[in-house]
Amino acid sequence: MIKDIQSSAETKMQRSLEVLRENLAKVRTGRAHTGLLDQVEVEYYGSMVPVSQVANVTLLDARTISVKPYESNMAAALEKAIRDSNLGLNPAAMGDLIRVPMPMLTEERRKDLIKVVRGEAEDGRVSIRNVRRDANDHIKKLLKDKEVSEDDARRGEEQIQKLTDKYIAEVDKLLAHKEEDLMVV
Numbered sequence: 001m002i003k004d005i006q007s008s009a010e011t012k013m014q015r016s017l018e019v020l021r022e023n024l025a026k027v028r029t030g031r032a033h034t035g036l037l038d039q040v041e042v043e044y045y046g047s048m049v050p051v052s053q054v055a056n057v058t059l060l061d062a063r064t065i066s067v068k069p070y071e072s073n074m075a076a077a078l079e080k081a082i083r084d085s086n087l088g089l090n091p092a093a094m095g096d097l098i099r100v101p102m103p104m105l106t107e108e109r110r111k112d113l114i115k116v117v118r119g120e121a122e123d124g125r126v127s128i129r130n131v132r133r134d135a136n137d138h139i140k141k142l143l144k145d146k147e148v149s150e151d152d153a154r155r156g157e158e159q160i161q162k163l164t165d166k167y168i169a170e171v172d173k174l175l176a177h178k179e180e181d182l183m184v185v
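Everything in the sequence shown is counted per the UniProt record's numbering, starting at 1 for the first residue and increasing by one.
Structure, rendered in structure tokens:
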């Protein structure tokens with residue numbers, strides 16, 4: 001029973017870490033990466049779809065994303081969707097290829113983004129701690145119902161704490177890496 005609680009807690013903590021990675025990927029650094037356009041959607045035959053489903057998104061260089069639509073009639077719609085996406089990007093069409101240069105970040109903007117990133121990391125830590133609390137509550141309930149011994153419950157809580165420490169250290173590592181990316185000029 002305690003093993004099930006531990007594996008469930010580890011799965012939930014892993015999911016919290018994945019959500020944090022996704023949220024950090026949305027924070028724009030000065031460098032180009034294709035994941036930046038993942039949340040941008042474009043109208044395609046009446047429905048909204050991600051850019052990656054209607055175009056090939058690649059990097060031309062460290063500061064430029066290229067978007068090549070699978071259908072040439074989608075170029076204008078893609079360009080408009082990227083421009084209207086609130087990412088601060090200004091795409092330029094060259095035939096059926098759309099170039100998306102990354103603007104430089106100001107020092108003030110970098111500091112604002114670091115605050116955002118730290119907030120995201122703290123949300124990740126809180127999420128992981130909530131998983132720990134729920135798992136420990138579940139173990140305490142099993143102990144109260146006399147389904148496990150006190151020693152097993154204590155060992156289970158120690159294992160949950162080790163998992164928590166491991167995933168919080170991973171959050172801190174992701175945060176440090178993202179802050180470093182943001183401060184690179």
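Backbone N, C-alpha and C fix where the C-beta goes; we use that ideal spot for every residue, glycine too.
Residue 58 carries a strand assignment under DSSP once its states are collapsed to helix, strand and coil. In this structure the segment 138-150 does not lie against the segment 80-90, because fewer than three pairs of beta carbons, one per stretch, are closer than 8 Å. Residue 64: member of the beta strand (DSSP E) spanning 64-69, first to last residue.
Per DSSP, residue 92 is one residue of the beta strand (DSSP E) stretching across 92-94. Burial is judged here by how many other beta carbons sit within 10 angstroms of a residue's own beta carbon; residue 164 has at least 16 and is buried. For residue 109, the enclosing alpha helix (DSSP H) starts and ends at 107-144. The bridge partners DSSP lists for residue 44 are 47.
Its chain contains 69, 93, 96, 98 as the residues whose beta carbon lies nearer than 7 Å to that of residue 75, once the 5 sequence neighbours on both sides are disregarded; these appear in chain order. Contact check between the segment 5-18 and the segment 35-46: fewer than three CB pairs, one atom from each, fall below 8 Å, which does not count as touching. For the 8 Å CB-CB criterion, residue 37 and residue 167 do not form a contact. Around the C-beta of residue 55, 16 or more other C-beta atoms lie within 10 Å, and the residue is accordingly described as buried. By a beta-carbon distance limit of 8 Å, residue 6 contacts residue 160. Their separation comes to about 6 Å. By the Cβ-count criterion, residue 60 is exposed, with fewer than 16 other Cβ atoms from all chains shown falling within 10 Å of its own Cβ. Between the alpha carbons of residue 169 and residue 24 lies a gap of roughly 16 Å. Per DSSP, reduced to three states, the secondary structure at residue 154 is helical. With contacts defined by Cβ atoms closer than 8 Å, residue 139 and residue 157 form a contacting pair.
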